[in-house]
Each structure stands twice: as C-alpha cells, then as structure tokens.
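Down below is the structure, laid out as structure tokens.
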Amino acid sequence: MSEMKFSDLLWYPPQFPSKWRIPRHLAQVQDNLRRQRSWEVGYHDALCQAAQRRVERPCCKTVHISLFFDGTGNNLNNDLFVADPQHPTNIARLFRATIGAGYAGGTASAGSQAQGLTDSLDEGSNQFFKYYMPGVGTPFPEIGDLDFSGLGLATALYGEERINWGLLMIVDALRRMANLPSLDVPTLKESVAAMTTPMAALDMGGTSLRRRVFERLLNAPDLAPRLRIALAQPTPGTSKLLGIKLYVYGFSRGAAAARAFVNWLAQFLHRPDPDQPAEHCLLLGTQKLPLSVEYLGLLDTVASVGVAHIAPVAEGHMSWADGTMELPDEAGYGGWIKRCLHLVASHEQRLCFPLDSIRRTNGHYPSCGVEVLYPGVHSDLGGGYPPGEQGKAYSGDKMDGDSLLLSQIPLNDLYADALAHGAPMKVPEEVLPEALQQYQWRKMPFDLLREFRVSPVLADRFNAWRQVTLGLHADPQPLRDSLANHYEPVRAATSLERALQEQMGWITAWRIDRYAFLSLEGCPFYQEATDSQSDEQVRKLAETRRNDEQREVEKRRLAQLEQEDDPRRPSKPLEPGPKDFDPDMAKTQLHQAALEFGEDYRGTRRTPTGTFEWALDSLPATAVYLLNNDDEQAEYERMKKAGQRLVKELFPPRSGYSCHDNETERGQVDESRNAHLQSGLLRALFDDQVHDSRAWFLHYALKGSREPWTSYFRDRMVYFGEACNKPLSLLSVAGGVVGAATLSASVVYVIRRGSPAERLALAGAAGQYGARDLTRLVSVLDQTTGLALPMRDDAAHLRAPTEAIGTWCASNARPSANNASPRRSGKSPSCGPPMRPRPARCPMCRPDPRPCHPAQGGRRMFPIVRCRTLRPLVGCLAAVLFAATAQAGTIYGVNHTQWAINHFSVDGHSVVDIIGPYQGGGGGGGYAPPAKWRPGLTVRIDWETGNGYSWDFPGYGDRAKYDAWLAKSEAQKRQHTQLVPVPDYTGQKVCGITVHFLPCDQLQVSTSCYPYGAPEYPIKTPLQLPVPKTCPAK
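Under my numbering, think of the first position of the sequence shown as 492, with each following residue one higher.
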C-alpha cells in the first residue's frame, strides 16, 4: 500500500424529483438510442467519406451485453420466486429492466416463472443480451454452488467461478448472435472449473487458465468462421459485426466481482507491443473484434474475499479480490471504460463490510469514475430489504409497495445514469418513439414499473438529508425538467473519508436518543418490527422445518442424478437448496442493539480483552497485516462528541426546557417542534428508512451477539487501491516475520486485544502514529517448539501502524534468512493489497507431533493445502475466531491417504475445501442426518482424488513445462462414487457428517459431534496410514 498524500473530492447526489427518475420525455429515449447506435452511425459516416458521397445505410450491428453480479446473500430465484414477501435487490430489478435475451443464473428450477426474465432470442435482431449471476453465499447450480452457504457469505467462496462464468457469457452471447446453440450446462461447468485457479498452483496462474479457455471457446470450429464472416466486409444477406458494448453492474461483493471482471477482461485485449497501450479489441485470428465497457454501475463495493476484515489479522482482499479492485489504468487502457458510477453508503459500519472506493492509490479518481455518497447502510443502497423489515418502510397501504424503501432512490438514480450513457433499458410505453411502439421488448411492463416507484414522502426525507447533513441547496418541487430528467451529481468540497466521518456524527446523534435512552420503544418502526421467532422452541421448530426441506431437496437431486446418462455431467443444473435459516427476531435484535449502544455510550459495557490465535503452516509470500486497534478510542471520542453536538437538532427540547444535557437524562424532548422542518424529516428518515445492519448481522450465528472487535462507535474501513483510511501494522512479508531475529518456517501469531487504557498508553500523543510497542499485544511463537521468537531491537518500529503500508512493505521485503523459500525464485514479493496466504488453520487444533513440511534433499516441500483443517462457521468469522467444533449440518473430511481429495460431496451436496494428504478439511453445509436412524441407512459419497504435492511445480517461466506439469496433474485425477453405511446414532447427538478417506478407496463416516482425535470420537483410525502395495479387488 502507498501513502495517501492527496485525497480527491467525492460527489453528492442531486436533488431527487418527486416524480422519480423514470424517463418521461421522448428526448431522453432518443438520446439513449443515439448512444447505442453510435458505432453504426460512425461506420456509415466512414463509408460516406470513403465514397465521398452519401451511401445507403449498411447492414451492420453492435452486440450489447449486460452483466449483473448480485450482492452477498442475494439470489433472484429465491428473492423473486420463493420469498414471501418478494425482495429482489436493485441488481435483480435492473436485470429485469434491461433489454435482451440471455439467462438468469440459478433460475433453472423456476421453470416457466423464469421465462419472463429475458426477452426471446428473435427480438432485438440478435443484438441485445443480458446475464445474471447470483450473489456469493447463495445457490448457483450452474457452477456447482448448490446451497446457501455460510462460508460463501463469509469468504465469497465460488466468487472466482462467478466471474469466470460472466466472462464465458460473452462467448455465449456471440454464439446466440451467430444463431448457434448457447453453451450447454456441462460445457459451462467444466469450462468454469478449467478457468478457476487451482489450489495446486498456490492461487497463481489464473490469467493463463482463463485466457486459454476463453480463447478456445471463442475460436470454436462452429463459431469462429461465422464471426470472421461477420467481421469482414458484409456480403448480401449478412450483417457486419461492428463490435461488443458491455454494461456491467454489481452490488456488494458483486460490485467487487464486476471490478475483477473488467480487470480480467482487460487482460484479454490485444496488445501488439507490451510497452504500448492495449487495443480495445479481442483478437480472432488476424481479425479484431472491438470491445468496450460502456457502463460500469456499482453499489457499495465490498470485497471481503477470504478471511474478512473482522479478523484482526486480515482485511479481505484474498484470492480474486487481490489486486483487482482498482479499475484498469488510463495509461494502458485509457478510454476503454466510458463511465463508472459508484454509489456508497454513508452509515454502514460492520467490520465485515469495508468499502472499496474507486479512488486510486494515488488519491485521484479514474477519469471515467464518479463516486457518490448516499444515506443508509449497505442494503439501503443495493436493495434486498422487504417493506417492514425492522419496521422500516412500513405502510398500512399495500398500494405503497416498495415505494418507501430507501434503496428505491439509488435504484432510480443508477437506472437514470445508465440510460443517459446508452445502456439498453426498457422504458415506459408512452415515451417510446412511434416507430418503436411495435417492439414490446422495449417497453417496461407495469408490474416492473411499480418496482421503481418512489413515494413523495421518501423523496422529501432524502432531500432533507441533503440539505441538513450536506448543506446543499434544494429547489421547490416539482423540479423543472432540466433537473428532474438528468442525473447530475454535485462535486463535494471534501473527501470520501471525511464525509463518512461527518455522517457518523448524525447517525450517532439519532442513536443517542433512540438507543441510549430507549425512545425507540415508542416509535412506530419499533412497534411494527416483527419478532415471531424470538422464542427458542419456535425458533428450533422453524429451523428443523428448514433442515427437513434441505433433505428433500437433496433426495430430489439424487433422483435426478440417477436419471442422468452421466451423473458427473448432469444435463441441467441440480435443484438449489432452500434459504439458510435466519430467524425473525427483528424487535429483539433492535432492543439488544439499543442496550449495547447505551452501555458503550455511557462507558458501562465490559470491554472484551480476549486472545486471538492465527497459525501459519508456512509463511506467505504476500504481506500479512494487523488491523490496528489503537485508534479505537479516538474514533469513539470523536463520534460521541459529534453525536452530542447534533442530537438537539434532531430532538429539540420542549419550549422552556432542556434535553440531552448529560449521558444519563434525556430531558424534555418535543419532537413535534421540528416534525415538518428539514431536521424533523431527517429524523424521520433515520426512524423509518435507514436500517440497522449491525443489529441483525451475525446475531443468530453468534447466539445473540453482534460482531466482535467493534461497536457502533467505529468508522468504516475504506480501501483506495493499495491505500486505506486506517493504519495497518505489517506482520509478515516475503515469507519472513517482520522484526524477528531468527528464522522460522512455521509460526503462530497470538494477538491480544488490550483494554482501552492499555491501547491509549500505546498510542502515545493523540493523532501521532509513531513507533508503538505493539509487541506487547502481538506474540509470535515458533510452531515447532512452541516458544516465542526472539525479536530485534527495532521490532516495534518495523511494526508501527501506517497508512503508507505499500512503501513500508517494500522496504521490509529484502531477502534475508527469514524469507528464503523455493516459491519465490528471487522475485519481488507482493505487498498489496494484503494478503493471499493459504488459509489459516483452526486456532485450537490439537498439536501435530510431525513436521508439516519435512525437508528432503535440502529442499522444502509443501502440500497443496494446509496441514490440518479449518472449521468455518457461518458469517464473516471464516473459521479464524473459534475452536474447530462440529456444527449441525456441516460436512467434514479426514484424508488418511497420500493423495489430495480435490473435492467431494455427500448425497449430492458439495463441500468447499480441497483436502491435502493426511489432513482434514471440508466445511460445507446442508447435510443433516434423519431424525431417526434406520437399518440400511447410507449416504452417497462422490469424490475426486489427485496429486497431493507440488514439489515438481515448474513455475510459469517456461510455458511448455507448465503445460506438461498441468497435464500430468490432470491425468492423475480419478473420480469415485460409493454408498457408505451410516453407523447407528440412536440416542446420540448428531452434528452433520465426517467422511474418512482411507487407502484403496475405502470410506468411513461418522455423525459424531466430537472432533476427530478426541477420546470420545468413535473412529480411531490413525491419520497417516501406510500405502499398501496392492489393493483388494473390488
């Protein structure tokens, strides 16, 4: 990361019109059509100039492809066709409002319901296409992600596969355009798997894999000749293909995926000279296929890939989010992205949802980029809340529908901006030009139009937020056409991070009254908040019903596979699993959140001072950082003082009285005094529109708690490429422990959260980030001996928190005894974004007496994966917070063989982990044994084995050697299927299932809640079994 010496100014949203932003004038649609046809017009003009006369319009077309990456936990199939009430996100709504044939991922099981999501192929002259990718943590059976997954929610699992699927949709659209069959389900699934970075390559080499598969499908024998003809000068009866225009949208991790998508696609662009900018085209033989990103629409980007920011040793930029959040640079790709609009949330605070700004590391915004601040939390921008959630946007009039949801305003604004920049959007019938009235696919249906409605009440409250908190001018309503019809953000006089701090003062002022003094109990939003499953017995019954539904789905999957000619290549996607259990406890969650805030506000809450352990089998080549907690007290004081200063503006005292003079007495508040003033409308926005994401988040997973290591008095973490708004401490880089005096190949970090007094003592002078003695809170143990590593005298200086972590990282990455490793071959280490180590082991696994990576012949060899298992929990904790205890419904595996278990499934439900030789892993969810054991009960195990070690990995310098190594690894893979008896568990507590993989393809299973190795665990098979010379005949 690099030091931020300059912070560019962000943008504020324009005043919102009382009649919302759906186009109301013919001129708006005509301008949109002109932008879509710009290449056709340019081609015609070029022909006229070449002929030096006006020639007949040529037969030519541009292919328009729109791609939609939905947010974490959001799934169109569930949110639109299963949930009651429906609650599609803004990404799902924009997908439906976009013109095009195509496909909505995850909807195959919806049958005829899903047919209306896309236009028919013969509409739009085979010119418009659209594709939808469900959010991580939700089913996307087309890529093998079958169920709602806690680990998907936590670590963005299957995120890379979603991006690769999106890349393949470019090929799919071209096939449809050329009147060829679309890519079938088995081909797509296999292609996505072939593009995905293999664990054996240590998270490297994905670029070459993606390019190879993409180019192979683009140059397929049935497609390439037709594309070459289309790109050539047209012959009679053919249409010349001018190129591809892309429109890409994303919310939350879907926005991060959208940004990774354009970065990966940029790598495919033709670059005849490495030192010259890339040409804006794909290469098809000797012909060039022009390609541009016309529009990139993002809603509150959150990466949190791998171990999320909640863990104090990670910041969520692992795997596909590593180095892909900055948009392609102007020097190499200038003008390729025409417009990027990024809407960010003012009031999100969860540690697991750090914001990735589009501002670059150097502090400047991209020339194509505009970043605009909006009120609310994460999903108040991206959508997904139904009316009435937490009592917000509630109305007794069903005709109001979604019109009171705060997310309706970002929806309208993003739609309007995309339309103004040429995105192929459906529009109301009355504004279509007469010549286009015959095309029904261009018209926005009435039921979809209703999903864009904005109540005048909401518009007034939003505009009050602009006036009161941003100090912006407001014109009288209705706005004149020049303001209402055009989305023009206002350039602010401050940076994003400063604006976010100011916004936290306002929401804290509201919480002081509503939460600290519990005045929310008398508010309509609290009274309307539902709480139907706050009773434990009711909750257990509901969870049991959900698990029963999961089992029925798995039975239907098995039945489908039994009907397939090849069960390993099903002809259609398997049925997605039901929604994960999320109890209705909104009122309880709000009340507990209010109590927590009050205790923090008055300083009466007990401070957690727990210990966090993080074990590394071998030190990663990339950087590992500690998220510094020393600034917590300063943030607390600043936010509290700002709230106290503003609270009386939102909650005025009765005439002749005072209020909020101290932390223990509310005083005499008279809300009627400003109910119709701008400050009163702002209070109403906080009351009835802005949700409390922290009150809900992880509440059930953490058994009635919220995120650890944080509170309502913490600023949101913001990343700017390789820079950030909070200091980080460098712990490891280039395979070495920063500040260590001796070498250790395998370490355990023990990070103790100190008390506020202890952290203040370490902080030194307020606001000065000098060398602090962080070694008092961070210990580094040699994993082999269990003893603390001796540290250098300047260790505290080397680990001092800094926002200029990139420069600091580079200066500490020089070769030394601590960073010798066969993986690096003398190359410079990666210093950011932080970190891409192989996943951490569970912190409380039993000690392993064997060395994880024995040295042979003087060369360290390392398994493809870690020594022992990670046991992930749901939510952002991602397995680094708690002991590895079995979870109900979870699938684990223990590998007693010399081979890697590349993947496996139980009764059709896949797990999420590759398991190396003599290791444990897994972590998938969804399997719960029947309530009663019965004789003959079995489970079907499908698994793939492969090479377990990578000591012969040749690197990427020699393509032929790499291809040969990859081919050899592929050839060693074997597919297996067995039915395995389930032991009798009558009278025992059961916790999912653990599968033991033994030599000679033998299996054992257990439903015990005890971990493998515990005295009570029924299977006593040693972890490392000898390799038999021969196996018995089957």
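Every residue gets a Cβ at the ideal spot worked out from N, C-alpha and C, and that includes glycine. The structure presented is a predicted model; accordingly, all values stated were derived computationally and were not measured.
Exercise for the section: Specify, as a first and last residue, the run of the alpha helix (DSSP H) that W656 falls within. Expected result: Working through the sequence shown from its first residue, we reach residue 656 at position 165. Following the DSSP letters along the chain, one finds W656 inside the alpha helix (DSSP H) bounded by residues G650 to M668.
Handout entry: Cα-Cα separation, G657 to L558
Key = Numbered from 1 along the sequence shown, position 166 holds the residue referred to as residue 657. Numbered from 1 along the sequence shown, position 67 holds the residue referred to as residue 558. Whole-angstrom Cα-Cα distance: 7 Å.
Handout entry: Distance, A955 Cα to E1027 Cα
Key = Mapped onto the sequence shown, residue 1027 falls at position 536. Mapped onto the sequence shown, residue 955 falls at position 464. E1027 and A955: Cα-Cα distance of roughly 42 Å.
Exercise for the section: Just the C-alpha distance for N1119 and S1202, rounded to the nearest angstrom, thanks. Expected result: As a position in the sequence shown, residue 1119 is number 628, starting the count at 1. As a position in the sequence shown, residue 1202 is number 711, starting the count at 1. Legend: pLDDT at N1119 = 49, less than 50; position of this residue unreliable, no value from coordinates given.
Practice task
Decide if H1167 is buried, meaning its Cβ has at least 16 other Cβ atoms within 10 Å, or exposed.
Solution key: To locate residue 1167, count along the sequence shown from 1; it is residue 676. Exposed, by the Cβ-count rule.
Practice task
Check whether the Cβ atoms of H1400 and L637 sit closer than 9 Å, and answer yes or no.
Solution key: What you label residue 1400 is simply residue 909 of the sequence shown in a count that begins at 1. What you label residue 637 is simply residue 146 of the sequence shown in a count that begins at 1. Contact flag set, yes.
Problem - Sequence-distant residues of the same chain with beta carbon closer than 6 Å to P508, five excluded per side - result: Within the sequence shown, residue 508 is the residue found at index 17, counting from 1. Counting only Cβ-Cβ distances below 6 Å, and skipping sequence neighbours, we find L970 and A975.
Exercise for the section: Report yes if the C-beta distance between G593 and F620 is below 9 Å; otherwise report no. Expected result: Numbered from its first residue, the sequence shown carries residue 593 at position 102. Numbered from its first residue, the sequence shown carries residue 620 at position 129. Yes, the Cβ-Cβ distance between G593 and F620 is below 9 Å.
Exercise for the section: Give me the Cβ distance between P1061 and E1055, rounded to the nearest whole Å; I'm assuming they're in contact under 8 Å. Expected result: The residue labelled residue 1061 in the question sits at position 570 within the sequence shown. The residue labelled residue 1055 in the question sits at position 564 within the sequence shown. That belief holds up - the Cβ atoms of P1061 and E1055 are roughly 5 Å apart, short of 8 Å.
Practice task
Measure the alpha-carbon distance for N568 versus L585 and round it to whole angstroms.
Solution key: One-based indexing of the sequence shown puts residue 568 at position 77. One-based indexing of the sequence shown puts residue 585 at position 94. Computed Cα separation, rounded: 15 Å.
Practice task
Alpha carbon to alpha carbon, how far is V1181 from G879? Give it in angstroms, no decimals.
Solution key: Sequence index remark: in the sequence shown, residue 879 carries index 388 (1-based). Sequence index remark: in the sequence shown, residue 1181 carries index 690 (1-based). Taking the straight line from one Cα to the other gives about 12 Å.
Practice task
Would you check if the distance between the CB atom of G555 and the CB atom of P915 is smaller than 9 Å?
Solution key: Start at 1 with the first residue of the sequence shown, and residue 555 comes out as number 64. Start at 1 with the first residue of the sequence shown, and residue 915 comes out as number 424. A small fix is needed here, since residue 555 is His in this sequence, not Gly. Cβ distance < 9 Å, so H555 and P915 count as in contact.
Problem - First through last residue of the beta strand (DSSP E) which encompasses R1465 - result: To locate residue 1465, count along the sequence shown from 1; it is residue 974. Note, R1465: beta strand (DSSP E), R1465 to P1472.
Exercise for the section: Using the Cα positions of Q1159 and R1145, report the straight-line distance between them to the nearest angstrom. Expected result: In the sequence shown, counting from the first residue as 1, residue 1159 sits at position 668. In the sequence shown, counting from the first residue as 1, residue 1145 sits at position 654. About 6 Å.
Problem - 4-residue-minimum alpha helix (DSSP H) runs that sit fully inside the segment 868-956, ordered along the chain - result: 869-873, 899-911 and 937-941
Practice task
Please name the residue or residues paired with S1401 in a DSSP beta bridge.
Solution key: Translated into positions along the sequence shown, residue 1401 becomes position 910. Partner(s): S1396.
Practice task
Could you tell me the distance, in whole angstroms, from the CA atom of A588 to the CA atom of K917?
Solution key: Locating residue 588 in the sequence shown gives position 97, where the first residue counts as 1. Locating residue 917 in the sequence shown gives position 426, where the first residue counts as 1. C-alpha separation (whole angstroms): 5 Å.
Handout entry: Inter-residue Cα distance where the pair is L445 and F1088
Key = This structure cannot settle anything about residue 445, because the visible part of the chain is limited to 492 through 1525.
Practice task
For C1014, write down the residues that DSSP places opposite it in a beta bridge.
Solution key: Mapped onto the sequence shown, residue 1014 falls at position 523. None, per the DSSP bridge assignment.
Problem - Three CB pairs or more closer than 8 Å across the segment 843-855 and the segment 1139-1155 - result: no
Practice task
Would you kindly check if the distance between the Cβ of G1407 and the Cβ of A1422 is under 9 Å?
Solution key: Against the sequence shown, residue 1422 aligns to sequence position 931. Against the sequence shown, residue 1407 aligns to sequence position 916. No, they are not a contact pair.
Handout entry: Spatially closest choice to R702 from F759, V945 and D713, by CA coordinates
Key = Walking along the sequence shown from the start, residue 702 turns up at place 211. For R702, the nearest C-alpha among the options comes from F759.
Practice task
Using 10 angstroms around the beta-carbon of N903, count the other beta-carbons present and answer buried if the total reaches 16, otherwise exposed.
Solution key: Locating residue 903 in the sequence shown gives position 412, where the first residue counts as 1. Classification of N903: buried, given that the 10 Å Cβ count is 16 or more.
Practice task
Using 10 angstroms around the beta-carbon of T777, count the other beta-carbons present and answer buried if the total reaches 16, otherwise exposed.
Solution key: One-based indexing of the sequence shown puts residue 777 at position 286. Exposed.
Exercise for the section: Throw me the rounded Cβ distance for the P1067 and S600 pair, which I believe falls under 8 Å. Expected result: Reading the sequence shown from its first residue, position 576 is the one you call residue 1067. Reading the sequence shown from its first residue, position 109 is the one you call residue 600. Their Cβ separation, rounded to whole angstroms, is 6 Å, which keeps P1067 and S600 in contact under 8 Å.
Exercise for the section: Decide if A1524 is buried, meaning its Cβ has at least 16 other Cβ atoms within 10 Å, or exposed. Expected result: Taking the sequence shown and counting its residues from 1, the one referred to as residue 1524 is at position 1033. Exposed, because fewer than 16 other Cβ atoms sit within 10 Å of the Cβ of A1524.
Exercise for the section: Using alpha carbons as the reference points, say which of A1077, T815, Q994 and T1485 lies closest to Y1383. Expected result: Numbered from 1 along the sequence shown, position 892 holds the residue referred to as residue 1383. Of A1077, T815, Q994 and T1485, the residue nearest in Cα terms is T1485.
Exercise for the section: Please state if the CB of N566 and the CB of G597 are separated by a distance shorter than 9 Å. Expected result: In the sequence shown, residue 597 corresponds to position 106, counting from 1. In the sequence shown, residue 566 corresponds to position 75, counting from 1. Yes, these two residues count as a Cβ contact at 9 Å.
Practice task
Tell me whether the beta-carbon of I998 lies closer than 9 Å to the beta-carbon of F1177.
Solution key: As a position in the sequence shown, residue 998 is number 507, starting the count at 1. As a position in the sequence shown, residue 1177 is number 686, starting the count at 1. Yes.
Exercise for the section: Say whether the segment 1013-1030 touches the segment 848-860, bearing in mind that this needs 3 or more beta-carbon pairs closer than 8 Å, one atom from each stretch. Expected result: no
Exercise for the section: Please check the pair Y1127 and F1204, which I expect to be a contact at CB under 8 Å, by giving their CB distance rounded to whole angstroms. Expected result: Translated into the one-based positions of the sequence shown, residue 1127 becomes position 636. Translated into the one-based positions of the sequence shown, residue 1204 becomes position 713. Sure, about 4 Å apart at Cβ, within 8 Å.
Exercise for the section: Give every residue of the same chain whose Cβ lies closer than 7 Å to the Cβ of K1480, excluding the five residues on either side of it in the sequence, and list them in chain order. Expected result: Looking up residue 1480 in the sequence shown gives position 989. C1500, listed in sequence order.
Handout entry: Contacts around P1490, its chain only, beta-carbon distance under 6 Å, and the 5 residues preceding and following it disregarded
Key = As a first step, residue 1490 must be located in the sequence shown, where it is residue number 999. The residues are T1388, L1516 and P1519.
Practice task
With a 10 Å radius around its C-beta and 16 neighbouring C-beta atoms as the bar for buried, classify A1085 as buried or exposed.
Solution key: Numbered from its first residue, the sequence shown carries residue 1085 at position 594. Of the other Cβ atoms in all chains shown, 16 or more fall within 10 Å of the Cβ of A1085; this residue is therefore buried.
Exercise for the section: Have a look at A1256 and C1215 and give me their C-alpha separation to the nearest angstrom. Expected result: Looking up residue 1256 in the sequence shown gives position 765. Looking up residue 1215 in the sequence shown gives position 724. Model confidence at A1256 stands at a pLDDT of 35, short of 50, so the residue's coordinates are unreliable and nothing is read from them.
Problem - Bounding residues of the alpha helix (DSSP H) (the contiguous stretch that carries S1170) - result: Counted from its first residue, the sequence shown places residue 1170 at position 679. Q1169 to D1179 is the extent of the alpha helix (DSSP H) around S1170.
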